[in-house]
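Q: This is the structure I want to talk about, given as structure tokens.
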Amino acid sequence: MASNTPVDHVQALQAPTTPSAPSPSPSPNPAHDPSHEEHQYLNLIRSILATGEHRPDRTGTGVKIWDGNGSREFLDSVGLSHREVGDLGPVYGFQWRHFGAEYVDAKADYTGKGVDQIAEVVRKLKENPYDRRIILSAWNPADLKKMALPPCHMFAQFYVSFCNAASPEMENGTNEDADKKQKGTLNCLLYQRSCDMGLGVPFNIASYALLTHMLAHAADLYPGTLIHTMGDAHVYRDHIAALQEQLTREPTTFPELRINRTDRGSGDMDGWAEGDFEVIGYKPHKMIKMKMSV
Numbered sequence: 078m079a080s081n082t083p084v085d086h087v088q089a090l091q092a093p094t095t096p097s098a099p100s101p102s103p104s105p106n107p108a109h110d111p112s113h114e115e116h117q118y119l120n121l122i123r124s125i126l127a128t129g130e131h132r133p134d135r136t137g138t139g140v141k142i143w144d145g146n147g148s149r150e151f152l153d154s155v156g157l158s159h160r161e162v163g164d165l166g167p168v169y170g171f172q173w174r175h176f177g178a179e180y181v182d183a184k185a186d187y188t189g190k191g192v193d194q195i196a197e198v199v200r201k202l203k204e205n206p207y208d209r210r211i212i213l214s215a216w217n218p219a220d221l222k223k224m225a226l227p228p229c230h231m232f233a234q235f236y237v238s239f240c241n242a243a244s245p246e247m248e249n250g251t252n253e254d255a256d257k258k259q260k261g262t263l264n265c266l267l268y269q270r271s272c273d274m275g276l277g278v279p280f281n282i283a284s285y286a287l288l289t290h291m292l293a294h295a296a297d298l299y300p301g302t303l304i305h306t307m308g309d310a311h312v313y314r315d316h317i318a319a320l321q322e323q324l325t326r327e328p329t330t331f332p333e334l335r336i337n338r339t340d341r342g343s344g345d346m347d348g349w350a351e352g353d354f355e356v357i358g359y360k361p362h363k364m365i366k367m368k369m370s371v
């Protein structure tokens with residue numbers, strides 16, 4: 078239900094919890110390929126714009142997320158005056174590689190401290206791919222007050238599918254999917270508590286898809302499906318015009334990601350560099366500018 082009170086540019090439209098009558102919203106014209114997977118994202122944008130409720134923003138500031146959350150003013154305001162500018166605390170990377178270690182500052186050496194969740198994920202993928210506990214968590218309640226911003230994308234579970242094991246054999250006794258059956262396919266289920274649909278979510282989709290490719294490479298698996306579960310999915314009011322523009326654009330064909338490393342199956346998740354990745358056939362539309370809000 079929409080609020081009757083005025084709202085400013087940092088308030089958000091949240092995905093509705095109960096259905097209401099939709100209002101007209103832009104759509105790609107013509108929709109050359111309605112089955113394109115990007116329409117899952119675009120259709121959620123349409124739903125929020127058409128039926129979402131007005132909700133107050135948490136901060137009322139609308140500052141840029143990384144600039145604002147690492148600034149001297151912001152760190153002082155949340156009781157982190159001892160931190161250097163730019164030190165966000167024990168956020169995503171720290172929790173992934175050193176969960177449970179005592180955080181000092183961004184310059185401290187944490188080698189061998191805490192739980193290396195990334196290494197554990199790879200180990201389980203290689204040694205016991207049927208494990209139901211292949212989990213990656215950035216949510217550590219003990220560290221939340223030490224973080225400039227609690228994790229938005231906070232939890233992922235990885236599942237290896239060997240569904241081709243049930244596929245019928247050919248007349249000569251072979252299985253045309255034998256290679257995939259042997260390696261398995263790696264799927265990722267991501268839970269995100271807070272979802273900035275304009276800027277954050279597209280980056281989160283791309284980054285977890287990339288992480289799944291990297292883990293699949295390290296464990297010698299095929300990359301499979303990314304399943305994205307959202308908690309609070311919202312559109313900031315100063316993103317509405319930009320998103321309406323985006324809704325008029327037909328998605329282009331997805332590019333291909335190629336990994337240029339020769340250590341497939343090594344289990345090594347360290348030392349990745351920009352040159353290890355090659356994106357082929359990327360044909361984006363013109364840039365649409367939006368401000369990142371906290």
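Basically the working numbering = 1-based index in the sequence shown + 77.
In this text, a Cβ means the ideal position worked out from N, Cα and C, and glycines have one as well.
Only a predicted model underlies this, so the values are computations on that prediction, with no experimental measurement involved.
1) For residue 367 and residue 311, what's the separation of their Cα atoms in angstroms?
2) So, with DSSP's three-state summary, where would you put residue 200?
3) Among all the DSSP beta bridges, which residues are the ones paired with residue 264?
4) Decide if the stretch 350-357 is in contact with the stretch 192-210; the criterion is three or more beta carbon pairs, one per stretch, under 8 Å apart.
5) What are the boundary residues of the alpha helix (DSSP H) that residue 214 is part of?
6) Mapping DSSP to helix, strand and coil, what is residue 358?
7) Just reading off the beta strand (DSSP E) that residue 218 is part of, what are its end residues?
8) For residue 190, which residues in the same chain have their Cβ closer than 7 Å to its Cβ, ignoring the five residues on either side in sequence?
9) On the premise that residue 306 lies in contact with residue 276, defined as a C-beta separation below 8 Å, what is that separation, rounded to the nearest angstrom?
10) Among residues of its own chain, excluding the 5 on either side of residue 361, which ones have a beta-carbon nearer than 8 Å to its beta-carbon?
11) Count the other CB atoms, across all protein chains shown, that sit within 10 Å of the CB of residue 359; report buried if there are 16 or more and exposed otherwise.
12) Quick one: Cα of residue 288 to Cα of residue 309, how far?
13) Do the CB positions of residue 126 and residue 317 come within less than 9 Å of each other?
14) How would you call residue 219, buried or exposed, if buried means at least 16 neighbouring beta carbons within 10 angstroms?
15) I'd like the ranges of any beta strand (DSSP E) spanning at least 3 consecutive residues and lying wholly in the stretch 265-318.
16) Please return the same chain residues whose Cβ sits closer than 6 Å to the Cβ of residue 286, not counting the five positions on each side in sequence.
17) What residues are listed by DSSP as bridge partners for residue 175?
18) Is DSSP giving residue 365 helix, strand or coil here?
19) By Cβ distance, which residues of its chain are closer than 6 Å to residue 193, with the 5 residues on each side in sequence left out?
20) Around the C-beta of residue 357, are 16 or more other C-beta atoms found within 10 angstroms, so that it is buried, or is it exposed?
A: Looking at the atomic coordinates:
1) As a first step, residue 367 is located in the sequence shown; it is residue number 290 there, counting from the start. As a first step, residue 311 is located in the sequence shown; it is residue number 234 there, counting from the start. Going from the Cα of residue 367 to the Cα of residue 311 covers about 14 Å.
2) Residue numbering aside, residue 200 sits at position 123 when the sequence shown is read from its first letter. Here residue 200 sits in helix by DSSP.
3) Here the question's residue 264 lines up with position 187 in the sequence shown. Note: residue 264 sits in a beta bridge opposite 236.
4) no
5) In the sequence shown, residue 214 corresponds to position 137, counting from 1. Segment 212-214 is the beta strand (DSSP E) holding residue 214; no alpha helix (DSSP H) there.
6) Along the sequence shown, one-based indexing puts residue 358 at 281. Three-state result, residue 358: coil.
7) For the purposes of this step, residue 218 is taken as residue 141 along the sequence shown, with counting starting at 1. Going by DSSP, residue 218 is part of no beta strand (DSSP E) at all; its letter is neither H nor E.
8) Stepping through the sequence shown from its first residue, residue 190 is reached at position 113. Answer for residue 190: 175, 178, listed in chain order.
9) As a first step, residue 276 must be located in the sequence shown, where it is residue number 199. As a first step, residue 306 must be located in the sequence shown, where it is residue number 229. Their Cβ separation, rounded to whole angstroms, is 19 Å, which puts residue 276 and residue 306 out of contact at 8 Å.
10) Along the sequence shown, read from residue 1 onward, the residue named residue 361 stands at position 284. Cβ contact annotation for residue 361 (same chain, cutoff 8 Å, sequence separation greater than five): 329, in chain order.
11) Numbered from 1 along the sequence shown, position 282 holds the residue referred to as residue 359. It is exposed - the Cβ of residue 359 has fewer than 16 other Cβ atoms within 10 Å.
12) In the sequence shown, counting from the first residue as 1, residue 288 sits at position 211. In the sequence shown, counting from the first residue as 1, residue 309 sits at position 232. For the pair residue 288 and residue 309, the Cα-to-Cα distance works out to about 23 Å.
13) Counted from its first residue, the sequence shown places residue 126 at position 49. Counted from its first residue, the sequence shown places residue 317 at position 240. In this structure, residue 317 lies closer than 9 Å to residue 126 by Cβ.
14) Walking along the sequence shown from the start, residue 219 turns up at place 142. Residue 219 comes out exposed.
15) 299-313
16) One-based indexing of the sequence shown puts residue 286 at position 209. Excluding the 5 residues flanking it on each side, residue 286 has same chain C-beta neighbours closer than 6 Å at 303, in chain order.
17) Stepping through the sequence shown from its first residue, residue 175 is reached at position 98. Looking at the DSSP output, residue 175 bridges to nothing.
18) Counted from its first residue, the sequence shown places residue 365 at position 288. Note: residue 365 maps to coil in three-state DSSP.
19) Within the sequence shown, the letter at position 116 stands for residue 193. Excluding positions up to five away in sequence, the list reads 174.
20) Here residue 357 corresponds to residue number 280 of the sequence shown, with the count starting at 1. Exposed, by the Cβ-count rule.
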